[in-house]
Amino acid sequence: MLVEIEKRLFVEGPDKKGKNPIYCLNSLDCNYFRTAGEVMAASLAQGGPCPNFLREWCFKYLCSGDSDSIQVSASDVTDLELSQLIVKINSASDDNISDLIGDIGAVRIHWCKGNRSI
């Protein structure tokens, strides 16, 4: 069961350091993530395997529920286009940050059109 949850709801980045939840509003609306969490909790409660495929930030968030204390970096973003944009934004100066507005808008349009991973 955990293998199917991993395959359908999580995606791995190029660094192979764990998986992020996919960005899919349909899966969210259908409560697939909630059900996946209940299955994971039941597995742990019954002495079964724990999910060992999550990225560190995701695991910490599930354990604490506190998104403010979690440190996420550009390397935690599995979508190549987004991670490259984050690097550009972080390295931009105050003078040329406005040049990236078009890039930010283009990425947002792509995200709204389909399922993407974070």
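For what it's worth, our numbering labels the leading residue of the sequence shown as 138, then goes sequentially. C-beta atoms are modelled at their ideal positions from N, C-alpha and C, and glycine is treated no differently. From a predicted model like this one, the values you see are computed outputs, not experimental measurements.
Between the alpha carbons of Leu181 and Cys187 lies a gap of roughly 6 Å. Sequence-distant partners of Phe147 (beyond 5 residues in either direction) whose C-beta falls short of 7 Å from its own C-beta, in its chain, are Lys156, Asn157, Pro158, Ile159, Phe190.
The secondary-structure analysis by DSSP pairs Tyr169 with nothing; it has no beta-bridge partner.
By the C-beta density criterion, Ile241 is exposed, having fewer than 16 other C-beta atoms within 10 angstroms. Distance from the CA of Cys167 to the CA of Ile142, rounded to the nearest whole angstrom, comes to 14 Å. Between the C-alpha atoms of Trp194 and Val209 there is a straight-line separation of about 7 Å.
DSSP places Ile159 within a strand segment (E or B) once states are collapsed to three. Under the criterion of beta carbons closer than 8 Å, Asn227 and Ala211 qualify as touching, at roughly 7 Å.
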